[in-house]
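One structure below.
2 protein chains.
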Amino acid sequence: MSAEIICVGTELLLGEILNSNAQFLAQQLALLGIPHYYQSVVGDNPARLQQVMAIAAARSQVLIFTGGLGPTPDDLTTETIADFFGVPLLERADVLRDITEKYAAHDRIMTANNHKQALIPQGADLLPNRTGTAPGMIWQPRPQLLILTFPGVPSEMQTMWHETAVPYLRRQGFGQETIYSRTLRFWGITESALAEKVAPFFELSNPTVAPYAGNGEVRLRVSSKAASQSVAMEAIAPVVEQLQALGGLDCYGADDDTLAVVVGKLLQAAGDTLAVAESCTGGGLGQQLTSVPGSSHYFWGGVISYDNQVKASLLGVDQGDLAQFGAVSAEVAQQMAAGVRSRLGTTWGLSITGIAGPDGGSETKPVGLVYIGLAGSNVPATSARYLFGSNRSRDAVRWMSVSAALDFLRRTLLEGDR
Amino acid sequence: MSAEIICVGTELLLGEILNSNAQFLAQQLALLGIPHYYQSVVGDNPARLQQVMAIAAARSQVLIFTGGLGPTPDDLTTETIADFFGVPLLERADVLRDITEKYAAHDRIMTANNHKQALIPQGADLLPNRTGTAPGMIWQPRPQLLILTFPGVPSEMQTMWHETAVPYLRRQGFGQETIYSRTLRFWGITESALAEKVAPFFELSNPTVAPYAGNGEVRLRVSSKAASQSVAMEAIAPVVEQLQALGGLDCYGADDDTLAVVVGKLLQAAGDTLAVAESCTGGGLGQQLTSVPGSSHYFWGGVISYDNQVKASLLGVDQGDLAQFGAVSAEVAQQMAAGVRSRLGTTWGLSITGIAGPDGGSETKPVGLVYIGLAGSNVPATSARYLFGSNRSRDAVRWMSVSAALDFLRRTLLEGDR
């Protein structure tokens, strides 16, 4: 028994979007332990989609479609699948009602086009779409063949997968063997330095350990395949523990942890509060911190001091120092942190000032130069200097600045515990 | 004549990496005007790879492979292709020399494994890999069938594509036609409403018009295939113009435009400046605005007033109004906008306050309720109320809030022109 992923959409053939749906579904199939040997991409073209279906139905028993469920005329997946099996489409009154209600809730008017989205092949079950208007289907058109369809919008597809498809597949007896993985996350160490530290672990066969790197972060994935998740977890646990010990402070978390999540937990545990002052990141640090639900318990807000006048007026940075040292300097970073801390009355003030590029760099202050400032209640303000490299993009420098700031606070909070 | 992309790698089937190679090659084929109807992904498995090859060779005339050219035992693409056509592999002395030299240059020792990378099917030409050790091949194993292989490392593959494959394909007469596209971007209209407005355009055959939607944005892609880019551009121009006219204010831009880019251009053209006050987006609006290089010309900064105390202390929002109307209200949105405008001394103040979820919603103020406030120099502060739907994720509500705020300012700036 194996599954096959079929992504439908001319935009994929034109290279307009990355096929992130295929990656998500591939990961999910691995988690359920469902073998998966082929992926296909085909355009919004009924004849070619039928050809791909014929090939897939002959070699795989679970066909997972994404895309082509929308309201427009080129969304043809549902009718092409029905055609392939010679089954008529029926309009589902409950779906039509659901779409109508969703439009009304957003103060929008439904169009004739949307009626199409209520059509499902006779005999197929609905795969409800709670967050969008295009439902999918679960259908066994013949024995040993199961079809699931999803819209192409990743967030809708993922919700539908988790809420309906996974429970359904488990009820059908899928997911009896499982691949279970944990991912350790590192900041402040290069991939090659970490690889050297943990080299013997790469030789293991169960669990396996593999490194990944990107955007300044390094990850180690520890995976085990076993009859049950608990057996796999048992195989993984001691390896994870040893890797965490080897990683030390550089290992900031695991799995879904982000630096913002980890910092949030540390702040909340300490009963501390935080304010930020941002220059080159323009709000990105606050944005990351508040991406965590419940962050209002410890994050109070801050100042986006993109213009130097704002650094002086709202944060109290000394005009003379701004002129003497420049906006991108240790002195200004520290004053920004201290200023936002005292104005908001928080335990900590965290600041970022740097040159994100592509312009604005100089010989002494190149693109990628960033200062992080930190002010606390009982300690003098400190700062750290980073050189992220002038060959990095503006987005990358800004992302790494936000991460470095969070990591700077994380290490300070952890060291304070000792 | 059409091309097909075949990506080989178990890591793709496990969802460990995104298939960015398929997107790159798809874009490149479109630029060369080479039709491309199918993409396949298959693991490092000779039997299944042969099966995929048989299907592809029967329906496409140019097969482009990525992955499986490395030195490890599971890299099997070259030998599987040779096997499929019953042709022996020959060791190329020049390739072996090149690999040896590359290893020496990095102070590394070549292993026996690397010998494998010097094997090429008899009759095939080398597709040199200047930056890595795994070369690819260009091979016409039979008339009307051309095979190109590339390593899976994106940077190596892309260099090889540009330096060798494109000139080769042009010499073979490919790339005489080109596909040229433009994408119009819309905010504030649903996909189905826009589709109804522009329905007749979907019937066109050259150029073609197709809709896409996601994260609250709708896009129309206008594509033309022609002998040259200038001819394609000519075919597209009048259709783009008509669609823009039909879209009216809902059409905010084209191609790489973002709402932040468009708003930035409008502000700069008017000589206006902007400050922001953000609650539930926590800095995301400033982050978007400053993602545009040169945004310091019009964006001065702002206040992240996540906590209500900060709304009062740094923005001057009335404590009584906060208590009476709540933080998520038209009154507070307007006072936030007016407050940040007067404190920073900018032309405009733009604010966001809302309930991003997943918690914090109520019957009267559900998750997804967001107010945008706007204050200008000559007009009283205004606000708009949005219901993004309580079924949306925190990330989605925050993203749509930022986009709605930018769009609100955009429309105001455009209407001011009249």
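Quick mapping for you: the protein sequence lines, in order, are chains V and D.
One gets this note's numbering by counting positions in the first sequence from 1 and adding 75 to each.
One gets this note's numbering by counting positions in the second sequence from 1 and adding 75 to each.
Just so it is clear, CB atoms sit at the ideal spot from N, CA and C, and this is done for glycine as well.
Per DSSP, the beta bridge partners of Gln114(D) are Val116(V), Ile80(D). For Lys340(V), the three-state secondary structure derived from DSSP is helix. Among the CB atoms of chain D, one or more fall inside 8 Å of the CB of Leu89(V). About 30 Å separates the beta carbons of Ile379(D) and Asp325(D), which is beyond the 8 Å limit, so they are not a contact pair.
Nearest in C-alpha terms to Tyr243(V), of all of Pro433(V), Arg183(V), Leu221(V), is Leu221(V).
The DSSP assignment places complete beta strand (DSSP E) segments of no fewer than 3 residues inside the segment 370–412 of chain D at 374–379, in order along the chain. Distances from the CA of Ala209(V) to each of Gln103(V), Gly145(V), Thr439(V) were compared; the closest alpha carbon is that of Gly145(V). Contact annotation: in the segment 167–187 of chain V, residues whose CB is within less than 9 Å of a CB in chain D are Lys177, Tyr178, Ala180, His181, Asp182, Arg183, Ile184, Met185, Thr186, Ala187. DSSP, read as helix, strand or coil, puts Glu166(V) in strand. Under the Cβ distance rule, Leu151(D) does not count among the residues neighbouring chain V, no pair being separated by less than 8 Å. When the beta-carbon positions are compared, Leu419(D) and Ala350(D) come within less than 8 Å of each other. Taking a beta-carbon distance threshold of 8 Å, Trp375(V) counts as an interface residue toward chain D.
Pairing Tyr373(V) with Thr206(D), the inter-Cα distance amounts to about 48 Å. Taking a Cβ-Cβ threshold of 8 Å, the residues of chain V close to Arg123(D) are Tyr112, Tyr113, in chain order.
Put simply, the CB of Ile311(V) is far from chain D, with every gap to its CB atoms at 8 Å or more.
Just so you know, the alpha carbons of Met411(D) and Leu390(D) end up roughly 6 Å apart. If only uninterrupted beta strand (DSSP E) runs of at least 3 residues are considered, those enclosed by the segment 182–228 of chain D are 194–196, 200–202, 211–217, 220–225.
For a Cβ distance threshold of 9 Å, nothing in chain D lies close to Asn466(V): the least Cβ distance comes to about 13 Å. What Glu271(D) touches in chain V, judged by beta-carbon distance under 8 Å, is Thr186, Ala187, Asn188, going in chain order.
Residue state for Thr175(V) is assigned as helix, using DSSP reduced to three classes. Note on geometry: alpha-carbon atoms of Gln126(V) and Ile195(D) lie some 33 Å from one another.
Between the alpha carbons of Gln103(V) and Trp236(V) lies a distance of about 9 Å. Segment contact: the segment 106–117 of chain D against the segment 251–263 of chain D, three or more CB-CB distances shorter than 8 Å; contact assigned.
Look at Tyr327(D): its C-beta is not under 8 Å from any C-beta on chain V. Residues of the same chain with a CB within less than 8 Å of the CB of Ala285(V), apart from the 5 flanking positions on each side, are Phe277, Leu295, Arg296, Ser298 in chain order. Cα atoms of His181(V) and Thr421(V): separation of roughly 39 Å, rounded to the nearest angstrom.
For Asp382(V), the nearest CB of chain D lies under 8 Å from its own CB, placing it at the interface with that chain. Annotated three-state conformation of Arg134(D) is helix, per DSSP.
Counting only the Cα atoms, Ser95(V) lies some 8 Å from Asn94(D).
Counting C-beta pairs closer than 8 Å gives three or more between the segment 464–481 of chain D and the segment 420–440 of chain D, which meets the contact rule. Residue contact with chain V for Ala288(D): present (Cβ-Cβ distance below 8 Å to some residue of chain V). Just so you know, the alpha carbons of Pro313(V) and Trp262(V) end up roughly 22 Å apart. Ser366(D) reaches chain V at Gly357, Arg469, Asp470, Arg473, counting residues in chain order whose Cβ is nearer than 8 Å. Within the same chain, Cβ atoms closer than 6 Å to the Cβ of Leu259(D) are found at Leu295, Leu318, Cys326, Ala329, the five residues on either side in sequence being excluded. For Ser426(V), the enclosing beta strand (DSSP E) covers residues 423–429. Arg418(V) sits in a helix when the DSSP states are folded into three classes.
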